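Undergrad:
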Amino acid sequence: MSQKKYIKQDKPFRVPTHDGKLIEEHFGNASTRTDQFSVAHMIAPPHWSEPHQTPEFDEITIVTRGKKLIEIDGEEVEVSAGETILIKAGSRIRYANPYDHETEYWSVCIPAFDISTVNREED
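Be aware that the sequence shown starts at 6, since it is given in my numbering, and climbs by one per residue.
In structure tokens, the structure reads:
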């Protein structure tokens, strides 16, 4: 019998967090041992933010509900539901949801998200 040429994901890897953010990786290093790309579903609670980082991967964000504020090399960019953004590797970024409602979005990283290449700064 030949090997299937697809992966149906029905149990994404839930990344443990301490800030109330939901991260479910559907494809990537943690869930499927895929290092070429990663796809994750996320929900950021109101008034959430994370430290600055300078990832070594490109990241596409697709906002499906709410809006997200992203600082990119010192410029603030708001991305709302129905909008997308591509941030190139090597940009100094900070993701935040300073608003009163949750933000739901999908993230695609190329190559895959890896904690060792995200280069987070200390708070």
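Even glycine gets a Cβ: it sits at the ideal position worked out from N, Cα and C.
Just so it is clear, the structure is predicted and the values come from calculations on it, not from any experiment.
Please report how far the alpha carbon of Met-47 lies from the alpha carbon of His-106, in whole angstroms.
TA: Locating residue 47 in the sequence shown gives position 42, counting from the first residue. Locating residue 106 in the sequence shown gives position 101, counting from the first residue. Using only the alpha carbons, I get a separation of about 14 Å.
Undergrad: With DSSP as the reference, label Thr-89 as helix, strand or coil.
TA: As a first step, residue 89 is located in the sequence shown; it is residue number 84 there, counting from the start. Strand.
Undergrad: According to the Cβ coordinates, are Val-20 and Glu-64 closer than 9 Å?
TA: For the purposes of this step, residue 20 is identified with residue 15 of the sequence shown, where counting begins at 1. For the purposes of this step, residue 64 is identified with residue 59 of the sequence shown, where counting begins at 1. No, these two residues do not count as a Cβ contact at 9 Å.
Undergrad: Is Thr-69 helix, strand or coil when you go by DSSP?
TA: Taking the sequence shown and counting its residues from 1, the one referred to as residue 69 is at position 64. Strand, per DSSP.
Undergrad: Can you give me the Cβ contacts of His-31 inside the same chain, cut-off strictly under 7 Å, excluding the 5 residues immediately before and after it?
TA: Counted from its first residue, the sequence shown places residue 31 at position 26. Cβ within range, chain order: Gln-14, Pro-17, Val-44, Ala-45, His-46.
Undergrad: Residue range of the beta strand (DSSP E) that Asn-102 falls in?
TA: To locate residue 102, count along the sequence shown from 1; it is residue 97. Here the beta strand (DSSP E) through Asn-102 covers 98-102.
Undergrad: Under 9 Å, do Glu-83 and Lys-72 count as touching if we go by C-beta distance?
TA: For the purposes of this step, residue 83 is taken as residue 78 along the sequence shown, with counting starting at 1. For the purposes of this step, residue 72 is taken as residue 67 along the sequence shown, with counting starting at 1. Going by C-beta atoms, Glu-83 is nearer than 9 Å to Lys-72.
Undergrad: Do the CB positions of Glu-81 and Leu-74 come within less than 9 Å of each other?
TA: For the purposes of this step, residue 81 is taken as the residue at position 76 of the sequence shown. For the purposes of this step, residue 74 is taken as the residue at position 69 of the sequence shown. Contact flag set, yes.
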